[in-house]
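A.B. asks: I'd like to ask some things about the structure below.
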Amino acid sequence: RTAITVNINAIPAAPSVSSPVNYCQNATASALNATGTNLLWYTTATGGTGSATAPTPSTSTVGSVSYYVSQTVGSCEGPRAAIVVTITAVPNAPAATTTINYCQGDAASPLTATGSNLLWYATATGGTGSSTAPTPSTSVIGSTTYYVSQTVNNCESPRTAITVNITSTPSAPSVTSPVNYCQNATASPLTATGTNLLWYTTATGGTGSTTAPTPSTSTVGSVSYYVSQTQSCGESPRAEITVITNAIPSAPAV
24 RTAITVNINA IPAAPSVSSP VNYCQNATAS ALNATGTNLL WYTTATGGTG SATAPTPSTS
84 TVGSVSYYVS QTVGSCEGPR AAIVVTITAV PNAPAATTTI NYCQGDAASP LTATGSNLLW
144 YATATGGTGS STAPTPSTSV IGSTTYYVSQ TVNNCESPRT AITVNITSTP SAPSVTSPVN
204 YCQNATASPL TATGTNLLWY TTATGGTGST TAPTPSTSTV GSVSYYVSQT QSCGESPRAE
264 ITVITNAIPS APAV
């Protein structure tokens, strides 16, 4: 008799995998990996033709996709392990007031936005976010832009830009001084160049008038008038206009 030996080899176990694998939509994905020998990758739980090249998942579409991988030891292919790849939608950028105005030297408040797990940045891209909202400095005139994102389900949103404008207190309006008249001449209302002018008869205090005064020329001498302008950051210092009324000379001797 001739002896024929039949060897029965054990089926290897499924390879070791980590599942699920999570990505945010449109994130850069890496090739899947598993621990085993002579791995074969599939898109179905059974059947199909395995590939020795590990697939790189697409992250363009929100949802879950399953991949499968087996290992082969000797000539025996083991069962397949499933790897579920979950793609999570990126949240919208947080809601915020995108333009904030302060006057120079004002007391500023921390910036605010509506969202979950906010992160604050000084740049539109890159950098490391802070969970503490910044309080703008109002010491320097100009504009500064801050950025804020929110994170939902471990996915960080685009950033919302918040521009903070620091405006100076307005300067005194531009005036021509002195203004000269001859006694008893017909005077015109005073003029100045500025915004929302207020006219005063004193250098400080008093209540301003929006109507420019018309000087009296009945008395020889000098009288000072004052004018300020008002803009978004309040009322300016007052500019002085001196009105000089000169005496009419006597008739010449004949």
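For the sequence shown, our numbering assigns the number 24 to the initial residue and increments by one for each residue that follows. Beta carbons are placed, not taken as given, at the ideal position from N, Cα and C, and that holds for glycine.
Out of V266, V243, T227 and C256, point me to the one whose CA is closest to P236's CA.
C.D. replies: Out of V266, V243, T227 and C256, V266 has the C-alpha closest to the C-alpha of P236.
A.B. asks: For L142, I'd like the list of residues in its chain whose CB is within less than 8 Å of its CB, leaving aside the five on either flank, ordered along the chain.
C.D. replies: G152, S153, S154, V171, S172, Q173, T174 and E179
A.B. asks: Taking the alpha-carbon of R261 as reference, which of T240, S245, T230 and A276 has the nearest alpha-carbon?
C.D. replies: Nearest C-alpha to R261 among T240, S245, T230 and A276: T230.
A.B. asks: Do A26 and S39 have their beta-carbon atoms positioned less than 8 Å apart in this structure?
C.D. replies: no
A.B. asks: When DSSP labels each residue in this structure, what does L141 get in the three-state scheme?
C.D. replies: coil
A.B. asks: Go through its chain and collect everything with a Cβ distance to Y295's Cβ below 7 Å, but skip five positions before and after it.
C.D. replies: Residue 295 is absent from the model: the chain starts at 24 and stops at 277.
A.B. asks: Am I right that T60 and V88 are in contact with their C-beta atoms under 8 Å? What's the rounded C-beta distance?
C.D. replies: That pair is no contact at about 25 Å.
A.B. asks: What are the start and end residues of the beta strand (DSSP E) that includes L221?
C.D. replies: L221 to Y223
A.B. asks: At the level of alpha carbons, what is the spacing between S239 and G228?
C.D. replies: Approximately 22 Å between the Cα atoms of the pair.
A.B. asks: Specify the secondary structure class of C256 as computed by DSSP and reduced to three states.
C.D. replies: coil
A.B. asks: Indicate whether V217 and S197 have their beta-carbon atoms separated by less than 8 Å.
C.D. replies: Residue identity check: residue 217 is Gly in the sequence provided, not Val. Going by C-beta atoms, G217 is nearer than 8 Å to S197.
A.B. asks: Do Y125 and A131 have their beta-carbon atoms positioned less than 8 Å apart in this structure?
C.D. replies: Between A131 and Y125, the C-beta gap is smaller than 8 Å, which places the two residues in contact.
A.B. asks: Figure out for me which residue from A37, S160 and P114 has the closest Cα to the Cα of T183.
C.D. replies: T183 has its Cα closest to that of P114, out of A37, S160 and P114.
A.B. asks: Return the first residue and the last residue of the beta strand (DSSP E) that G73 is part of.
C.D. replies: Following the DSSP letters along the chain, one finds G73 in no beta strand (DSSP E), marked with neither H nor E.
A.B. asks: Can T186 and T121 be called in contact, C-beta distance under 8 Å?
C.D. replies: Going by C-beta atoms, T186 is nearer than 8 Å to T121.
A.B. asks: Is the Cβ-Cβ distance between T72 and Q48 less than 8 Å?
C.D. replies: Cβ distance not < 8 Å, so T72 and Q48 don't count as in contact.
A.B. asks: Given that a residue counts as buried once 16 or more other Cβ atoms are within 10 Å of its Cβ, and exposed if not, what is V250?
C.D. replies: buried
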